Amino acid sequence: MERFNVVVCGFDHYDGVEVNPAYEVPRALAERGLGGPVDADDPLRDADVTVNAVSMPVSFTKSWPALHEAIEATRPRIVVAMGLKRAARGIALERCATNRVSDDRPDVDNMTPQHDVINPSGPAAYWTRLPLRSILADYTTAGIPATLSSDAGTYVCNSLFYQLLDWAASQERVVAGFVSLPQVNESGDRSKPGLPLDQQVKAGQMAIREAVRYWRQPSNAEILLA
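First residue of the sequence shown: 1, per UniProt numbering; consecutive thereafter.
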């Protein structure tokens, strides 16, 4: 049985958001595991996957140290960061992290960086290491609304995403990326933004399953869609 440590992280609190999926989904994944029956064709049939949930403040200076501490403690092969896109109607799979913060919204520390680079010696951007093509195909089959997103904006989500990929670039073999979640909408009204929480948890389970499969059988064709 091959062991896989996975870290899934999200954020503590967003102003005006009563139920924060970026907090609830990682916790649910750690508690429930990846779910689903294991059959002969299941890529996890001989894998022992442990999901570790990490919650971080919405802080430019504190989010990455909190995640990095958990990474150092668990030595994961896969790291999936999660954030919130309030107006989204489905899951947004983030393609790219840019070396830039530029936002007029203060974080929880009342810090508002203006047009700053994240790492002065780093590249302009990093591409995700998650197999977005296969994850999106699974979502389509399962009827989970989802899309590819060019980047995670210029707020704390992008800052964390960039620092995660900056770290991953120095590792021998780590799959890492960022998934933006919509608000929780339990009404079933598709005219409003958001998805039910259980559907978002299922999306997280499917993303990790595909990340494990990709770690074991990598293929560059499955990373991105043009």
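We treat Cβ as the ideally placed atom computed from N, Cα and C, and that holds for glycine.
Please read these numbers as outputs of a predicted model, since none were measured by experiment.
> For the beta strand (DSSP E) that Y126 lies in, which residues bound it at each end?
Replying inline: A125 to W127 is the span of the beta strand (DSSP E), which, as asked, contains Y126.
> What first and last residue would you give for the alpha helix (DSSP H) that runs through A22?
Replying inline: A22 -> alpha helix (DSSP H) spans P21 to R32.
> Between K192 and the rest of its own chain, which residues show a CB-CB distance below 6 Å, the 5 nearest in sequence each way excluded?
Replying inline: The answer, listed in chain order, is N185.
> If you check the beta carbons only, do I135 and M82 fall under 9 Å apart?
Replying inline: Between I135 and M82, the CB-CB gap reaches or exceeds 9 Å.
> Among R216, S59 and G35, which has the Cα closest to the Cα of T112?
Replying inline: Restricting attention to R216, S59 and G35, the CA atom closest to the CA of T112 is found in S59.
> Apart from the five residues on each side of it in sequence, which residues of its chain come closer than 7 Å, Cβ to Cβ, to S150?
Replying inline: Short of 7 Å from the beta carbon of S150, and not among the five residues preceding or following it, lie these beta carbons of its own chain, in chain order: R95 and C96.
>> Using only CA atoms, which one of P106, L84, F4 and P218 lies nearest to P76?
In response: Cα-wise, what sits closest to P76 is F4.
>> Taking the beta strand (DSSP E) that R95 belongs to, which residues open and close that run?
In response: For R95, the uninterrupted beta strand (DSSP E) segment begins and ends at I91 to T98.
> Got a sec? Which residues, its chain only, sit under 8 Å from P145 by beta carbon, not counting five neighbours each side?
Replying inline: Within the same chain, P145 has close Cβ partners R89, G90, I91, Y139 and L195.
> What number of angstroms, rounded off, separates the C-alpha of G177 from the C-alpha of D15?
Replying inline: Whole-angstrom Cα-Cα distance: 25 Å.
> How would you write the range of the beta strand (DSSP E) that S55 sits in, first residue to last?
Replying inline: Counting along the chain, the beta strand (DSSP E) containing S55 begins and ends at A47 to M56.
>> Tell me the DSSP secondary structure of T147 in three-state form.
In response: Under the three-state reduction of DSSP, T147 is assigned to strand.
>> Assuming the contact rule is C-beta atoms closer than 8 Å, G204 and V8 should be a hit. Round their C-beta distance to whole Å, please.
In response: 7 Å between Cβ atoms; contact.
> If we count the other Cβ atoms within 10 Å of its Cβ and call it buried at 16 or more, is A70 buried or exposed?
Replying inline: Per the 10 Å Cβ criterion, buried.
> Residues in its own chain within less than 6 Å of P21 by CB, not counting five upstream and five downstream?
Replying inline: Here P21 has L181, V184 and Q200 as same chain residues with Cβ atoms under 6 Å from its own Cβ, once five neighbours each way along the sequence are excluded.
>> Going by DSSP in three states, G35 sits in which element: helix, strand or coil?
In response: Coil at G35, not helix or strand.
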